[in-house]
DNA sequence: ATTAATAAATTCATTAAATTAATTAAAAGG
DNA sequence: CCTTTTAATTAATTTAATGAATTTATTAAT
């Protein structure tokens, strides 16, 4: 519940964040362009850019004559100093943990991962995470990390920085932020992994100019992160974005979640493999690549099912763009095209405007980049909780 | 697309609006209470309240000793001057138009309606609307209207104030705001009717303290208005909130919208009546009141169907509350209880927290109050477009 | 080369609004 | 009547954006 008034401090934070996002979005840009994009005055942009320059985050990169320009002073190009601040991204999946060091432009410049041993309880996990992270950071001592962002599966309390529940792993109330903050003495942020991915997509991916979009991730389950009114949607108690538990068949099999006929029972990696009697995702992808008709059918069917469920969503929220991540969408499979087709033939919105369905542009590093984005935005740029 | 920076003007508008909403929400309140609710300082509240007082919108209403208070100056009670500003609400339905004059506390103090003749084209409509409105306002000359809000069926462009398309009526590009603004010389706002209702629910109904909720309206179709992150969701091109076109049966009958098995084909007034061979909503309600088993079954089935579709939505957006308006939910029918039951047994969120499902507290005047809310908030209180 | 024109960028004074700290107002209770 | 306590206001301060004026840098024309 956030009925909090505005003041100059919050306005400043907001504008700083806005200018930073504009700098990322436009890559190499000018003060003029930032001003017209944010509808702030040139004077204000001068101030904020000066701030960033004195922090070493931005620097001038030679002056150019703009196209429409016949005379007059050349505009000074501005560039993000990509490595002026680095953040660590930690992506906690139910099978393994990915670690990375990420730049201001969202590039992952160091990477590592480790697998969770069977039956790893939450104390073991914390120990293991700290050990691995310490080794990882030490191996890259030249890359100083200014903040740490964690994106985790399960139910997450962003405000308190606690992993409330990770069902598959049997963990509860893991105080990740406190633990890591004590160990590494930098600001730490925890968010749901898929929500982090949406933030990553907004900052660094293909949704930089979108105000309303959906970022879907197909892993063990199917989750979604949402941007609405140009803000991330972060519910209070739980994870939200449980797209996998949207109803596909109202009279379908009961799910552990309480619902019947959940999408996850039809179109998640696990469901597809078991329905078609395939051993692993690798196997499925290989079969498809080899021209196997059944693999093709399996992927198409899943795409259709996801597309149908997304249609309902699009009829409620008129997102311009839907991003799909995860291996089944990542590889060059027909799944994505099927989602696209169904959303764009079935949805109400599509009668007025196409909904762009695309795979993430952040690649395999989506999880790490997303986790890092959270730390970057809140820990490095604006220090706001909004 | 709204990547617009903040400044003091916008901050002020926001705070003014926040204080006003707090005044409505807490009914009779004090400066202290407003300050703690908005997390603004007492000094700021003094300023904003003074502004409202000089405008005649707020007045002091005697001092009381608060409960926790043993000594010290009594707190001054503040009251909204309910009739300091009045706004007109116009609810355009596909069968008729409801007109009303609404106070600062959301009470409808004058009301009237007129029916749309068969085959009424948009020029006839504009003429008819102006005639009826003029007569209505003249009949209540003592009640001066400071702004006009319109809530309409169809696809609406809020920014331009144009009714883009009203399918059932065959209208296109009706420039309602310009037309009425020229005629009545007060600010006019146009929004989608169901979205207006959501705003009404936020300002005056049972969602005053909610930041995320859904307001569903069952009429000819089924629509929804949404509050997310304490903001109304208002998409750019079209209406959004097309709950009636959420998929209920993936392999169901094709709908004109492009989808298959839309909820509207199962659970809208029209669908229910035709499925059970009932002549009118009145008849259905009467049969139910007389203990007719089939009417009971019809209402329960619709409730279940709506509940199932809402479950998918709740699994994506963790709304705390779902409001249902419309005659079938308004009367004391089992429909609402069925929705409640299904959402609270099936949704993921319900495992952590109950979702409150209730009928609107705004009664039959929901549409008019909602339309008026739009004008009130944007035209009278904050003049902001946000 | 000099000058006029033009556009970018900055500076500086102004404005707006919230905050902080100090002050005044009002009431209770010994 | 005096002290204590809380509410409310006032005045000074701070923060940040804006607008106008100015400076800087560049092109093009003379």
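Protein chains in written order, with the numbering used here: chain A, 1 to 386; chain B, 1001 to 1386. Cβ atoms here follow ideal geometry from the backbone N, Cα and C, with glycine treated the same way.
For a quick check, are the C-beta atoms of residue i and residue j less than 8 Å apart?
i, j, result
"residue 115 of chain A", "residue 96 of chain A", "yes"
"residue 1151 of chain B", "residue 1092 of chain B", "yes"
"residue 1213 of chain B", "residue 240 of chain A", "no"
"residue 177 of chain A", "residue 189 of chain A", "yes"
"residue 1220 of chain B", "residue 1268 of chain B", "yes"
"residue 1333 of chain B", "residue 1299 of chain B", "yes"
"residue 335 of chain A", "residue 363 of chain A", "no"
"residue 227 of chain A", "residue 194 of chain A", "no"
"residue 148 of chain A", "residue 186 of chain A", "yes"
"residue 172 of chain A", "residue 179 of chain A", "no"
"residue 1063 of chain B", "residue 1153 of chain B", "no"
"residue 366 of chain A", "residue 106 of chain A", "no"
"residue 1102 of chain B", "residue 1379 of chain B", "no"
"residue 1265 of chain B", "residue 1257 of chain B", "no"
"residue 47 of chain A", "residue 1233 of chain B", "no"
"residue 145 of chain A", "residue 192 of chain A", "no"
Listing by chain order, which chain A residues have their CB less than 9 Å from the CB of residue i?
i, result
"residue 1004 of chain B", "18, 38, 39, 40"
"residue 1011 of chain B", "5, 6, 7, 8, 10, 11"
"residue 1257 of chain B", "315, 346, 347, 348, 351"
"residue 1014 of chain B", "5, 6"
"residue 1228 of chain B", "226, 228, 229, 231, 233, 317"
"residue 1340 of chain B", "Neighbours of residue 1340 of chain B on chain A: none; closest Cβ ~14 Å, over 9 Å."
Assuming residue i contacts residue j under a Cβ cut-off of 8 Å, what Cβ separation, rounded to an integer in Å, is found between them?
i, j, result
"residue 104 of chain A", "residue 82 of chain A", "5 Å"
"residue 1369 of chain B", "residue 1089 of chain B", "6 Å"
"residue 1076 of chain B", "residue 1025 of chain B", "Contact doesn't hold; Cβ gap of about 18 Å is too wide."
"residue 360 of chain A", "residue 323 of chain A", "5 Å"
"residue 1203 of chain B", "residue 1224 of chain B", "Not a contact, Cβ separation roughly 18 Å."
"residue 1343 of chain B", "residue 1314 of chain B", "6 Å"
"residue 1357 of chain B", "residue 1319 of chain B", "Not confirmed; about 10 Å, so no contact."
"residue 1011 of chain B", "residue 11 of chain A", "5 Å"
"residue 1331 of chain B", "residue 1285 of chain B", "5 Å"
"residue 80 of chain A", "residue 169 of chain A", "Rounded, the Cβ-Cβ distance is 37 Å, inconsistent with contact."
"residue 222 of chain A", "residue 1250 of chain B", "Actually they do not touch by this definition, with Cβ atoms about 16 Å apart."
"residue 382 of chain A", "residue 27 of chain A", "The Cβ separation is near 20 Å, so there is no contact."
"residue 288 of chain A", "residue 296 of chain A", "6 Å"
When burial is assigned at 16 or more other CB atoms within 10 Å of the CB, is residue i buried or exposed?
i, result
"residue 973 of chain B", "Nothing in the structure corresponds to residue 973 of chain B, since chain B is present only between 1001 and 1386."
"residue 247 of chain A", "buried"
"residue 294 of chain A", "exposed"
"residue 59 of chain A", "exposed"
"residue 259 of chain A", "buried"
"residue 1117 of chain B", "exposed"
"residue 371 of chain A", "buried"
"residue 15 of chain A", "buried"
"residue 123 of chain A", "exposed"
"residue 1008 of chain B", "exposed"
"residue 1291 of chain B", "exposed"
"residue 54 of chain A", "exposed"
"residue 321 of chain A", "buried"
List the residues of chain A that residue i touches, going by C-beta distances under 7 Å, in chain order.
i, result
"residue 1247 of chain B", "308, 311, 312"
"residue 1224 of chain B", "316"
Cβ closer than 8 Å: which chain B residues qualify as neighbours of residue i?
i, result
"residue 46 of chain A", "None at all; the shortest Cβ gap to chain B is about 14 Å."
"residue 334 of chain A", "Within 8 Å Cβ-Cβ: nothing; residue 334 of chain A doesn't reach chain B, min ~19 Å."
"residue 250 of chain A", "1248, 1249, 1305, 1308"
"residue 354 of chain A", "None at all; the shortest Cβ gap to chain B is about 11 Å."
For residue i, which residues in chain B fall below 9 Å Cβ to Cβ?
i, result
"residue 203 of chain A", "The premise fails here: residue 203 of chain A is roughly 13 Å from chain B at the closest Cβ pair, so nothing lies under 9 Å."
"residue 282 of chain A", "By Cβ distance, chain B contributes nothing, its closest Cβ being about 29 Å from residue 282 of chain A, past 9 Å."
Does the ligand PLP have even one heavy atom less than 7 Å from the beta-carbon of residue i?
i, result
"residue 1187 of chain B", "No copy of the ligand PLP occurs in the structure displayed, which carries no ligand at all."
What in chain B is Cβ-close to residue i, meaning under 7 Å?
i, result
"residue 243 of chain A", "1316"
"residue 191 of chain A", "Those within 7 Å of residue 191 of chain A in chain B number zero; the least Cβ separation is about 15 Å."
In chain A, which residues lie with their C-beta within 8 Å of the C-beta of residue i?
i, result
"residue 1157 of chain B", "Residues of chain A passing the Cβ test: none, with the nearest at roughly 11 Å."
Below 8 Å, can you find three or more Cβ-Cβ pairs linking the segment 1344-1358 of chain B to the segment 1068-1082 of chain B?
Here the segment 1344-1358 of chain B does not lie against the segment 1068-1082 of chain B, with fewer than 3 beta-carbon pairs under 8 Å apart.
Given 8 Å, three or more beta-carbon pairs between the segment 1033-1040 of chain B and the segment 1006-1025 of chain B
As far as the Cβ criterion goes, the segment 1033-1040 of chain B touches the segment 1006-1025 of chain B, which means the pair count is three or higher.
Per the contact definition of three or more C-beta pairs closer than 8 Å, is the segment 106-115 of chain A in contact with the segment 132-151 of chain A?
A contact exists between the segment 132-151 of chain A and the segment 106-115 of chain A.
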